[in-house]
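2 protein chains.
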Amino acid sequence: MTKIAVTEPSRLALVPFVSVANMMRLVHHIGLERVLTDLTAEIEADFRRWPSFDKTPRVASHSDVGVIELMPTSDGETYGFKYVNGHPKNAREGLQTVTAFGLLADVSTGYPVLLSEMTLLTALRTAATSAMAAKHLAPKGAQVMAMIGNGAQSEFQALALKAVCGITEVRLYDIDPAATAKCAANLAKSGLKVTPCTTAQKAIEGAQIITTCTADKQYATILSDNMVGAGVHVNAIGGDCPGKTELAPGILRRADIFVEYPPQTRVEGEIQQMPADHPVTELWQVITGATPGRTGAAQVTLFDGVGFAIEDFSALRYVRAAMQGTGLFEELDMVADPDDPRDLYGMLMRAR
Amino acid sequence: MTKIAVTEPSRLALVPFVSVANMMRLVHHIGLERVLTDLTAEIEADFRRWPSFDKTPRVASHSDVGVIELMPTSDGETYGFKYVNGHPKNAREGLQTVTAFGLLADVSTGYPVLLSEMTLLTALRTAATSAMAAKHLAPKGAQVMAMIGNGAQSEFQALALKAVCGITEVRLYDIDPAATAKCAANLAKSGLKVTPCTTAQKAIEGAQIITTCTADKQYATILSDNMVGAGVHVNAIGGDCPGKTELAPGILRRADIFVEYPPQTRVEGEIQQMPADHPVTELWQVITGATPGRTGAAQVTLFDGVGFAIEDFSALRYVRAAMQGTGLFEELDMVADPDDPRDLYGMLMRAR
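In order, the protein sequence lines correspond to chains A and B. Using the working numbering, read the first sequence as starting at 1 and increasing by one per residue. Using the working numbering, read the second sequence as starting at 1001 and increasing by one per residue.
Take a look at the structure:
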């Protein structure tokens, strides 16, 4: 670590930074289930004002082994973006499949006001978004969920559905039994009944909510058509880039499909398997009441979640508010701020 | 500043960060003119391999008072992006018109490998890009440049053209005489002959190279048609977003126009005033020799520079290499990196 001493940066030049260590402290300071409940409320509040956001599909840079994406949005007062990668092969190399960081800036000046780790925060907001979708779409009184794919996201999904939707049992399945054992051990003291299963078929027995979150970059069939019974709600969140899906097309034809932002989901979501005009409902319209969500006990509802910039915006704004007074951030000398804004050169020369 | 102590982040979780203070130290460590020469060479090397880059117009979020942009690119091995704002009214509020930071990441893992301030670095690479364009397009033996607009970018432009193109005199004009006085004072010991002028007309007298860099977000006419004589090279770099231009259309009709990336320049550059099929030449093709640049002594050449992601990529890679062994960076705990990549939750819980 090199100490900063050349010049004393002005207050505006300093950008609060929430490191991974401080994000973990902040989550424990507030309480994990409380964070998940709060984030669900924040995301829901922003979905209610959906038309007030600038929206664009994320900007993806694909390679053979993964993708790097930028996800910007703005509500006209605050601008936010997230950097996030997705590299399914990383786990085999001892690395995270998904890492992320994000930034908020003041629209009126363009100056950054928060830099934050978002690997943890993305896991939290993804779980909160699934809980929000299930809250509005799952059958009333749902208590049992199946969690297919027991990787880094799985525990957060289970806890968010417990905290927000009142789930009492989670049934686990992963092609790798070690992942299931890890998830079960992590959730042992969560208050949930945890049932490890040896097949996906067994995991979905009795479940009113099925969440799929697997990571292979391919067209996979994690759920086949016969596995999804009447009345079930599915959160399909693992299919999130071109060429990466989890559900058999028959499920998509039977289900009512709810999405975040259609121009992005049609490229990245489960519905990339369907014709470009396959009917979908925008989730924000269910939340505002403009469109019905679940309309019958036999209906299969599917949240084809790919992750949208507004969810990250909500999460970053939550962190920015929650960290006030905690000291759980550093300040980075990230923005040059000379006394005379036209004299950048003079600032450089005076630092010599 | 909160100290990081909860967990010891692994090496991969730490991202080198070059602060503003360290960027200033690094520039002085190397020497400013040397940095400008080096950057010109780095950018030129990347322009020579232009087809090997992923290219996309920058992603802009416009408001009434400014713009916030993300500028990504990748050469298949390294990914880079810059965050940059442009707020012409900021200077009146004591803030920078342009602030920026950037990031490099490893395409094969998606992990960030460098975070850097780019307010200073953008000023340096913008000047280096102008010098590169002038090196290939200006009349041979050009010694006099006019600098119209004497704001934060002006000194860097003058020094880059001195270091790279052998300019010996800079003639200054700004609508605000205080800006001209600041620029003249800053360049007093630069080795350049510095001539402050009271009109743009006077500034361009005898100049073989004219650089315009003004900041108003409007269709302005900094140079009128009669001011640009035969044989001159113009770097027009202030017109860089929709609705912001500096040159009279007559100049564009008379000049041979060279641009960075046409899909971006047609929206943001001087040529937004012209029909969508107005002929332009891509600068990289002049640099590789595929297309002629200057073909005659009477020809007016115009570099309609708006700034492109590859220039930032080149600059960030330069900083990453130049900082090795200097200690002029910090390390940020920015990427969560649990021992078991599928056990993000376990990492969080062990931090409690």
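C-beta atoms are modelled at their ideal positions from N, C-alpha and C, and glycine is treated no differently.
**Item:** Opening and closing residue of the alpha helix (DSSP H) in which B/Val-1035 lies
**Value:** Under the DSSP assignment, B/Val-1035 falls in the alpha helix (DSSP H) whose first and last residues are 1032-1048.
**Asked** Just the Cα atoms here: how many angstroms apart are B/Leu-1014 and A/Val-194?
**Response** The straight-line gap separating the alpha-carbon atoms of B/Leu-1014 and A/Val-194 is approximately 35 Å.
**Item:** Contact list for A/Phe-81 against chain B, beta-carbon separation under 7 Å
**Value:** Correct list: Leu-1070.
**Request:** Output yes if chain A places a C-beta closer than 8 Å to the C-beta of B/Asn-1235; else output no.
**Result:** B/Asn-1235 does not count as touching chain A.
**Message:** Within a Cβ cutoff of 8 Å, which residues of the same chain sit near A/Ala-207, ignoring the five residues on either side of it in sequence?
**Reply:** Counting only Cβ-Cβ distances below 8 Å, and skipping sequence neighbours, we find Val-144, Met-145, Ala-146, Arg-171, Val-232.
**Prompt:** Cα-Cα, which of A/Asp-38, A/Gly-110, A/Arg-34, A/Val-67 is closest to A/Thr-78?
**Reply:** The alpha carbon of A/Thr-78 has as its nearest neighbour, out of A/Asp-38, A/Gly-110, A/Arg-34, A/Val-67, the alpha carbon of A/Gly-110.
**B/Val-1035 at chain A interface by Cβ criterion, 8 Å** = False, the Cβ-Cβ gap to chain A never drops below 8 Å.
**Message:** Is there a Cβ of chain A sitting closer than 8 Å to that of B/Met-1349, yes or no?
**Reply:** With 8 Å as the cut-off, B/Met-1349 counts as an interface residue toward chain A.
**Request:** Just mark B/Thr-1295 as buried or exposed, buried being the case when its beta carbon has 16 or more other beta carbons within 10 Å.
**Result:** Burial check for B/Thr-1295: the Cβ neighbour count within 10 Å stays below 16, so the residue is exposed.
**Prompt:** So, is A/Arg-25 buried or exposed, given that buried needs 16 or more other C-beta atoms within 10 angstroms?
**Reply:** Under a 10 Å Cβ-count criterion, A/Arg-25 is classified as buried, with 16 or more other Cβ atoms of the shown protein chains found around its own Cβ.
**Request:** Pull up the distance between the alpha-carbon of B/Ser-1224 and that of B/Leu-1247, whole angstroms please.
**Result:** Rounded to the nearest angstrom, the two C-alpha atoms are 6 Å apart.
**Asked** When we look at the beta-carbon of B/Thr-1198 and count the other beta-carbons within 10 Å, is it buried (16 or more) or exposed?
**Response** In the assembly as shown, B/Thr-1198 is an exposed residue. Its beta-carbon has fewer than 16 other beta-carbons within 10 Å.
**Message:** I'd like the span of the beta strand (DSSP E) that includes B/Ile-1310, first residue to last.
**Reply:** Where B/Ile-1310 is concerned, there is no enclosing beta strand (DSSP E), although the alpha helix (DSSP H) around it starts and stops at 1309-1322.
**Request:** Throw me the rounded Cβ distance for the B/Gly-1269 and B/Val-1306 pair, which I believe falls under 8 Å.
**Result:** About 5 Å separates the two Cβ atoms, so the contact holds.
**Straight-line gap, B/Leu-1161 to B/Ile-1167 (C-alpha atoms, nearest Å)** = The alpha-carbon atoms of B/Leu-1161 and B/Ile-1167 are separated by roughly 6 Å.
**Message:** I want to verify the contact list: residues of chain B whose CB lies under 7 Å from the CB of A/Val-390, in sequence order.
**Reply:** As displayed, chain A neither begins before 1 nor continues past 352, which places residue 390 of chain A out of reach and without an answer.
**Asked** So with Cβ pairs under 8 Å, would you call B/Gln-1096 a contact of chain C?
**Response** Annotation note: the requested chain C is absent from the structure, which comprises protein chains A and B.
**Proximity winner among B/Ile-1068, B/Lys-1244, B/Ala-1230, relative to B/Arg-1254 (alpha-carbon distances)** = Proximity to B/Arg-1254 across B/Ile-1068, B/Lys-1244, B/Ala-1230 peaks at B/Ala-1230, based on C-alpha coordinates.
**Request:** Assuming A/Pro-51 contacts B/Ser-1061 (C-beta within less than 8 Å), just tell me the rounded distance between them.
**Result:** Between A/Pro-51 and B/Ser-1061 a beta carbon distance of about 16 Å is seen, past the 8 Å cut, so the two are scored as non-contacting.
**Item:** Beta-carbon spacing of B/Lys-1089, B/Val-1107 below 8 Å
**Value:** No; because the gap between Cβ atoms is not below 8 Å, this pair is not in contact.
**Request:** Would you grab the beta carbon distance between B/Val-1280 and B/Val-1259 for me? Rounded to a whole angstrom, and I think it's under 8 Å.
**Result:** That pair is a contact at about 5 Å.
**Prompt:** Buried or exposed: where does A/Tyr-219 fall if 16 or more other Cβ atoms within 10 Å of its Cβ makes it buried?
**Reply:** So A/Tyr-219 counts as exposed.
**Prompt:** What are the start and end residues of each continuous beta strand (DSSP E) run of 3 or more residues lying completely inside the segment 1246-1299 of chain B, in chain order?
**Reply:** Listed in chain order, they are 1256-1259.
**Proximity below 8 Å, CB of A/Leu-283 to CB of A/Val-234** = Not a contact, by the Cβ cut-off of 8 Å.
**Prompt:** Cβ atoms of B/Pro-1112 and B/Met-1334: under 8 Å apart, would you say?
**Reply:** Contact flag set, yes.
**Prompt:** From this set, A/Ile-271, A/Glu-155, A/Phe-47, A/Ala-178, which residue's C-alpha is nearest A/Ala-133's C-alpha?
**Reply:** Out of A/Ile-271, A/Glu-155, A/Phe-47, A/Ala-178, A/Phe-47 has the C-alpha closest to the C-alpha of A/Ala-133.
**Message:** So, for A/Thr-2: in the same chain, excluding its five sequence neighbours on each side, which residues have a beta-carbon less than 8 Å away from its beta-carbon?
**Reply:** Confidence at A/Thr-2 is low in this model, with a pLDDT of 37, below 50, so the placement of that residue is unreliable and no value is reported for it.
**Asked** Got a sec: which bits of the segment 1105-1135 of chain B sit with their beta carbon under 8 Å from any beta carbon on chain A, in order along the chain?
**Response** Hits within the stretch, in order: Ala-1105, Val-1107, Ser-1108, Thr-1109, Gly-1110, Tyr-1111, Pro-1112, Glu-1117, Thr-1119, Leu-1120, Ala-1123.
**Prompt:** In the segment 1115-1145 of chain B, which residue ranges form an unbroken beta strand (DSSP E) of at least 3 residues, counting only runs that do not cross its ends?
**Reply:** Along the length of the segment 1115-1145 of chain B, whole beta strand (DSSP E) runs at least 3 residues long do not occur.
**Residues that A/Ala-13 contacts on chain B, provided the C-beta gap is smaller than 8 Å** = The answer, in chain order, is Val-1020.
**Message:** Looking at the secondary structure, which residues open and close the beta strand (DSSP E) in which A/Met-71 lies?
**Reply:** Residues 67-74.
**Request:** Pull up the distance between the alpha-carbon of B/Gly-1094 and that of B/His-1087, whole angstroms please.
**Result:** For B/Gly-1094 and B/His-1087, the distance between alpha carbons rounds to 12 Å.
**Request:** Compare the C-alpha of A/Glu-33 against each of A/Ala-321, A/Pro-139, A/Gln-157, A/Met-118 and name the closest.
**Result:** Checked all of A/Ala-321, A/Pro-139, A/Gln-157, A/Met-118; the closest Cα to A/Glu-33 is A/Gln-157.
**Message:** As a quick exercise: from A/Leu-115, A/Val-319, A/Ile-287, A/Phe-329, pick the residue whose alpha carbon is nearest that of A/His-136.
**Reply:** Nearest C-alpha to A/His-136 among A/Leu-115, A/Val-319, A/Ile-287, A/Phe-329: A/Ile-287.
**Message:** As an exercise, report each continuous beta strand (DSSP E) stretch of at least 3 residues that is fully enclosed by the segment 168-193 of chain A, in chain order.
**Reply:** If we require 3 residues or more, the beta strand (DSSP E) runs fully inside the segment 168-193 of chain A come out as 169-173.
**Given A/Cys-241 as reference, the closest of A/Val-84, A/Leu-39, A/Glu-42 once Cα atoms are compared** = Of the candidates A/Val-84, A/Leu-39, A/Glu-42, the one whose C-alpha sits nearest the C-alpha of A/Cys-241 is A/Val-84.
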